[in-house]
Amino acid sequence: MKGNVVGGIGYLVEGAKLLTHPSLRLFVLIPLTVNIIIFGSLITLGLSYLSDLMDNWLGSIPDWLGFIEWILWPLIGLTLSLMTGYLFTAVALIIASPFNGLLAEKAEELVTGREVPALEGLGAALLMVPRGIFRELAKLLYYLPMAAFVLLVTFIPVLNTVAPLLWFLLGAWMMSIQFVDYPMDNHQLSFADVKEAVRSRRLSSMGFGGAVALCTGIPLVNFFVVPAAVVGATLLWSKELDTQRY
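In UniProt numbering, the protein residues as written are 1 to 246.
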C-alpha cells in the first residue's frame with residue numbers, strides 16, 4: 001500500500017493551522033458556524049438518551065457476569081462515539097457542502113498558487129446547494145451498506161469485541177473519501193474518481209481519515225474538525241492525489 005500514515009495525519013494538523021490564514025478566514029466562518037450549531041444540538045440530544053441506552057444494555061447482563069461491566073462501558077462508549085461522530089458530521093456536511101467546496105477552492109489556490117476554475121464567491125456557492133446535497137447523499141448511500149454490516153457485527157456476541165476497530169476503520173475510510181471529494185469535485189471529477197484516488201494512496205488517506213474520525217468524537221474539538229479537514233484534504237489532494245500534477 002502506498003502513502004504514509006503519519007504524513008496523512010499531518011495534513012489534518014496543517015489544515016488546522018491554515019484556518020487562521022487571512023485569505024481563508026471568511027470561508028471558514030460559515031462551515032464552522034454550521035458545525036457548531038449541528039454538533040451542539042445533536043450532542044445535547046444524544047447525551048440525554050445515552051445514559052438510558054447504556055443502562056438498558058448493561059441491565060441485560062446476568063448478575064454473575066456483572067464483573068465485565070467495567071470492560072463494556074468503554075467498549076460501548078467508544079462504539080457509540082465512532083458511530084455518531086460520522087453520522088453527525090454527515091448531517092453537517094450535507095448542509096454546508098457548497099461552502100466546504102468554496103473553502104477547498106480557496107485553500108488549493110493558497111497552497112498551489114494556481115487558480116481553480118470552480119465556485120466564485122458566496123453567491124455561487126448558494127446556487128450550488130442542490131448539487132452539493134445530491135453529492136453528499138451519494139456518499140451517504142455508499143456508506144450505509146458498510147455501516148449496516150458493522151452494525152450487525154456490533155450485536156453479535158464475541159464478534160462485537162472488534163466492533164470499535166471496524167467502526168474506526170470504516171470511519172477513517174469514509175472521512176478520507178468525504179473530504180477529498182471537495183477539492184476533486186471542484187475539478188469536475190466523479191465520485192468514482194474520488195474513490196480511486198483515495199485507494200491509490202491508501203496509507204496517507206487512512207491516516208488522514210483516521211485522525212478526522214477520532215476528532216469527530218471529541219467534544220469541542222469536533223466543532224472545528226470540519227473546516228480543518230476540508231483544508232487538510234485539499235493539501236492531501238494537491239500533494240499526493242493529483243496525478244496530473246505529479
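Virtual Cβ for every residue (Gly too), placed ideally from N, Cα, C.
| For ALA107 and PRO22, the rounded distance between their alpha carbons | In the sequence shown, counting from the first residue as 1, residue 22 sits at position 22. In the sequence shown, counting from the first residue as 1, residue 107 sits at position 107. Near 11 Å, if we compare the C-alpha coordinates of ALA107 and PRO22.
| query | Are the region 228 to 238 and the region 172 to 180 touching by the rule of at least three beta carbon pairs closer than 8 Å? | reply | yes
| In whole angstroms, what separates the C-alpha of ARG201 from that of PRO157? | As a first step, residue 201 must be located in the sequence shown, where it is residue number 201. As a first step, residue 157 must be located in the sequence shown, where it is residue number 157. ARG201 and PRO157: Cα-Cα distance of roughly 35 Å.
| task | Give the C-beta separation of ALA228 and ALA16 to the nearest angstrom, bearing in mind that I take them to be a contact with Cβ-Cβ under 8 Å. | result | Within the sequence shown, numbered from 1, the residue matching residue 228 stands at position 228. Within the sequence shown, numbered from 1, the residue matching residue 16 stands at position 16. Right, the Cβ-Cβ distance comes to about 4 Å (below 8 Å), so this counts as a contact.
| Given that a residue counts as buried once 16 or more other Cβ atoms are within 10 Å of its Cβ, and exposed if not, what is residue 264? | Nothing in the structure corresponds to residue 264, since the chain is present only between 1 and 246.
| said: Which of the three DSSP states is assigned to LEU189 in this structure? | reply: Counted from its first residue, the sequence shown places residue 189 at position 189. In this structure, LEU189 counts as coil in the three-state DSSP scheme.
| If you run the structure through DSSP and keep just helix, strand and coil, what is THR234? | As a position in the sequence shown, residue 234 is number 234, starting the count at 1. If DSSP states are grouped into helix, strand and coil, THR234 belongs with the helices.
| said: Given this structure, state the Cα-to-Cα distance separating PRO164 from THR216, to the nearest angstrom. | reply: Translated into positions along the sequence shown, residue 164 becomes position 164. Translated into positions along the sequence shown, residue 216 becomes position 216. About 15 Å.
| Cβ pair PHE224, LEU24 closer than 9 Å | Working through the sequence shown from its first residue, we reach residue 224 at position 224. Working through the sequence shown from its first residue, we reach residue 24 at position 24. No, these two residues do not count as a Cβ contact at 9 Å.
| field | Option nearest TYR11 by Cα separation, candidates ASN186, ILE95, ALA211 and TYR142 | value | As a working note, residue 11 is residue 11 in the sequence shown. Residue ALA211 is the option with its Cα nearest to TYR11.
| query | Are LEU110 and VAL28 touching if we call contact CB-CB under 9 Å? | reply | Numbered from 1 along the sequence shown, position 110 holds the residue referred to as residue 110. Numbered from 1 along the sequence shown, position 28 holds the residue referred to as residue 28. The answer is no: Cβ separation not under 9 Å.
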